[in-house]
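Going from the sequence shown to this note's numbering is simple: count from 1 and add 23. Every residue, glycine too, gets a C-beta built ideally from N, C-alpha and C. These notes concern the structure reproduced below.
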Amino acid sequence: MKRNILFGIIFLLLVLWIMQFRQDRVAAEANQSRFEALNRVSLFARTLKAQHAQITGWNVYARETQNAHASKLQVQKDAATIQAKLDDYKWQVMPARDGAFGWVGIKKAKLGHAQWRIRYIAYPNGNSYQTVILYQGNGKSFIPAQWGAIRDEMSAEMARVFNGQEHLYSCVSASRNDKMKRTLLEEGKRYLKLFSAVPVEQLQEKTFVSISAYNGAWNNAIDTSKKKMNIQAALRNDGDRTIIVLGSPIITVEY
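Spelled out as structure tokens, the structure:
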């Protein structure tokens, strides 16, 4: 009897250890993914500055599905739990649209005039709702000396918001006032070459170009109709200026 009890305790401890190990691994992988995505902002901004472009804004976007089949009452309960957990955000109800409804919370960052925004949204899914939580961090300038602290604050905020299953996107916008000697397409490919990225798709118009590319050394990637991609460059002529946007794995801001 004592031996059976001992074996039972050992088995229980082993199960608990395995569960904790898996949780720690998921957390570590999520932290690494966040770290890489946030560092893309710094990489893009520093590269653009080195090319004599003026940074006009940066954006980090993340999305995670929460519940695929929730009742309206469950959505409301979950929203109340999230708002109580993140009570340092200023929350308000979002306008309902096409059957979807939700809440948005806003909070100012400690440095860099940045802002954090969280949206918890429920979309109709048959007779129930699918819920997603969205996180967005953005700023209008990039100050290298402050980025480390801003990055760490964003990472900590995302750890509070998500369960380690989020998908992250990083974007930096900039402009150049000098007249380019190359075409928009040539300039876009030149920027991608700076990141050792190989173009896989492109869209070219008279005053605009968008190029999707792939860097095999980066872990994040999405599938296109042709190949994988994990970086985009978009350039637009705007009078005497050239607007430049870099994003990974895709651009998530208007350009």
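Does the segment 261 to 278 touch the segment 238 to 251, meaning 3 or more C-beta pairs lie closer than 8 Å?
Cβ pair count under 8 Å is three or more, so yes.
Could you have a look at Asn148 and say whether DSSP puts it in helix, strand or coil?
Strand at Asn148.
Please report how far the alpha carbon of Tyr84 lies from the alpha carbon of Gln188, in whole angstroms.
In a straight line, the C-alpha of Tyr84 is about 14 Å away from that of Gln188.
Note down the Cα distance separating Val49 from Asn260, rounded to an integer number of angstroms.
At Val49 the pLDDT is 42, less than 50, meaning the model places this residue with poor confidence; the figure from the coordinates comes in the next sentence. Between Val49 and Asn260, the C-alpha separation is close to 43 Å.
Give the range of the beta strand (DSSP E) segment to which Ile254 is assigned.
Ile254 to Asp261 is the span of the beta strand (DSSP E), which, as asked, contains Ile254.
Asp175 by DSSP, collapsed to three states: which one?
Looking at Asp175 - three-state DSSP - the assignment turns out to be helix.
So which of Asn243, Lys202 and Val223 has the shortest CA-CA distance to Ile266?
Residue Lys202 is the option with its Cα nearest to Ile266.
Between the Cα of Arg69 and those of Trp170, Ile254 and Thr154, spot the shortest distance and give me the residue it belongs to.
Nearest C-alpha to Arg69: Trp170.
From Asn200, Arg205, Tyr192 and Lys72, pick the residue whose C-alpha is nearest to that of Val276; which is it?
Comparing Cα positions, the closest option is Tyr192.
With Tyr214 as the anchor, note down where its beta strand (DSSP E) starts and where it stops.
Element bounds for Tyr214: not the beta strand (DSSP E) but the alpha helix (DSSP H), Leu207 to Leu217.
Using three-state DSSP, classify Ile266 as helix, strand or coil.
Ile266 falls in the strand class under three-state DSSP.
Can you list, in chain order, the residues of its chain with a C-beta nearer than 7 Å to that of Ala137? Leave out the 5 residues immediately preceding and following it.
Excluding sequence neighbours, Ala137 sits near Gly160, Asn161, Gly162 and Ile173.
Keeping to the same chain, check which residues put their C-beta closer than 8 Å to that of Lys113; ignore five residues upstream and five downstream.
These residues qualify, in order along the chain: Gly128, Ile129 and Lys130.
For my contact list, Ala76 and Arg199 are in at a C-beta cut-off of 8 Å; report their separation, rounded to the angstrom.
5 Å between Cβ atoms; contact.
Could you give the uninterrupted runs of the alpha helix (DSSP H) lying entirely in the segment 104 to 145, keeping only those of 4 residues or more?
Qualifying alpha helix (DSSP H) stretches: none in this window.
I need the boundaries of the beta strand (DSSP E) containing His75, first residue and last residue.
Per DSSP, His75 belongs to no beta strand (DSSP E) and is neither H nor E.
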